[in-house]
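In what follows, a structure is listed as structure tokens, so that the remarks can point back to it.
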Amino acid sequence: MNTTANGSSFSSYCSLIYPEAIKVGKTVAYSLILAVSLVGNSLIILTVYKTPILRKPINMLIANMAMSDLLYPVFLFPVRLTDLHVGSWLIGGTLGQAWCKIHAFLADNSSLVSIQSLILITVDRYAAVVVPLRSPLISRKVCRCLIVGTWILAAAFHSPNFFTFNLVEYQEGKRCMNQWEVIFAEKSSLAIYLLSTYIFSFYIPFVVLAILYSIILIKLKKQVHPGEQSTNAEEQRTRTNRNVLKMTIAIVVAFFICWIPFSIQVVTFYFVPKNTLDCKFWVSYNVSLFMAYTNCAINPIICLTFTSNYRQAFRKLVNWCGAVQG
71 MNTTANGSSF SSYCSLIYPE AIKVGKTVAY SLILAVSLVG NSLIILTVYK
121 TPILRKPINM LIANMAMSDL LYPVFLFPVR LTDLHVGSWL IGGTLGQAWC
171 KIHAFLADNS SLVSIQSLIL ITVDRYAAVV VPLRSPLISR KVCRCLIVGT
221 WILAAAFHSP NFFTFNLVEY QEGKRCMNQW EVIFAEKSSL AIYLLSTYIF
271 SFYIPFVVLA ILYSIILIKL KKQVHPGEQS TNAEEQRTRT NRNVLKMTIA
321 IVVAFFICWI PFSIQVVTFY FVPKNTLDCK FWVSYNVSLF MAYTNCAINP
371 IICLTFTSNY RQAFRKLVNW CGAVQG
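Heads up: the sequence shown runs through residues 71 to 396, numbered per our numbering.
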């Protein structure tokens, strides 16, 4: 979602938003998100991998989201923390140039892989609730292919990052900058590209997900409530669908709550005259950026909160890790 586009240069517009206290606060916040995201998402992946009962398409897709969320603590947060305290890109030469391009490319891929995974999760839930008697729409084999496809599509969509992000030398040091106008001649095309990105990979999926979940909820309300008229198998299936649905809705809602403010800020930045953007805008920009970053640490918490299978699997995994270390 373009969280890497010259983020460090934004502070130059409003230096008052970076006093020492704010710098310390951001350091603590970034470090906390980094730790929670790194540990939580790693545990999600290991839990799904080592727990046979969780190796279902929906959990494989959640693990795919966890994999994409790991790109932030591994590739983006270290860069943000370094820029916050050093103010310059530490690595120079060919390696520094390559790292500049790779970190921007992978960080932006993360959100697009997550959105595609959310759509596939919703389609899986739609099929399970609306047409439950049919064979699964997304089988394990198909799910593996779709997961690979989410990364290929994200890579293709954000491939311009490999050309536009470059390491630039300034008097105060080196910076990883998005030089879109140098590569594509017109800077206005960057605004069009970003707007298209948000429309086709964010706002349209949001509308589609809202429609599908509305249909799912309406279908669930019409289903027979557990009682004498339903068999034990039907009761169990309905209860399972409701629990899983709560978790998936929570993941979707959390994702869009975290990302909508930032998307509005980015569109505003590229389509509103720069001389009208004051310090209040840059403060709100940084707050919305922090909210977007927070999303990568939320999904493991949601999985633990809504699903007993994940809680049990987490305990077993922790016990297993303890036994291995012992």
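Where a beta carbon is used, it is the ideal one built from N, C-alpha and C, also for glycine.
Burial check for N389: the Cβ neighbour count within 10 Å stays below 16, so the residue is exposed. Taking a contact as a CB-CB distance under 8 angstroms, the pair Y268 and V337 counts as one, their CB atoms being some 7 angstroms apart.
For G243, the enclosing beta strand (DSSP E) has its first and last residue at 243-248. Per DSSP, the continuous alpha helix (DSSP H) segment holding Y100 begins and ends at 90-120. The residues Y100, L104, in chain order, have a CB closer than 6 angstroms to that of F147 in the same chain once the five nearest residues on each side in sequence are set aside.
In this structure C373 is not in contact with Y363, their Cβ atoms being roughly 19 angstroms apart against a cut-off of 8 angstroms. Close CB contacts of F175 within its chain, under the 7 angstroms cut and outside five residues either way in sequence, are with H228, N231, F232 (chain order). Around the CB of K126, 16 or more other CB atoms lie within 10 Å, so the residue is classed as buried. Check the Cα spacing between I222 and each of S138, T234, G157, N248: the tightest is with S138. Per DSSP, V144 lies in no alpha helix (DSSP H) segment and is marked neither H nor E. By the CB criterion at 8 angstroms, L237 and G166 fall inside the cutoff. Annotation for A261: Y340, F341 place their beta carbon closer than 7 angstroms to its own, counting only its chain and skipping 5 residues before and after. DSSP places V238 within a strand segment (E or B) once states are collapsed to three. A distance below 6 angstroms between beta-carbons, with the five flanking residues on each side excluded, links L151 to the following residues of its chain, in chain order: Y100.
V342 carries a coil assignment under DSSP once its states are collapsed to helix, strand and coil. Take the alpha-carbon of I285 and the one of A177: they are about 33 angstroms apart. In the structure shown, T377 falls within a coil segment according to DSSP collapsed to helix, strand and coil. Excluding sequence positions up to five before and after D194, its CB lies within less than 6 angstroms of the CB of P127, I128, I208, all in the same chain and listed in chain order.
Here P206 carries a coil assignment [DSSP, helix/strand/coil]. Spatial neighbours of R385 in its own chain (CB-CB distance under 7 angstroms, excluding positions within 5 residues in sequence) are not present. Distance from the Cα of S180 is smallest, within the candidate group V144, Y196, T375, for V144.
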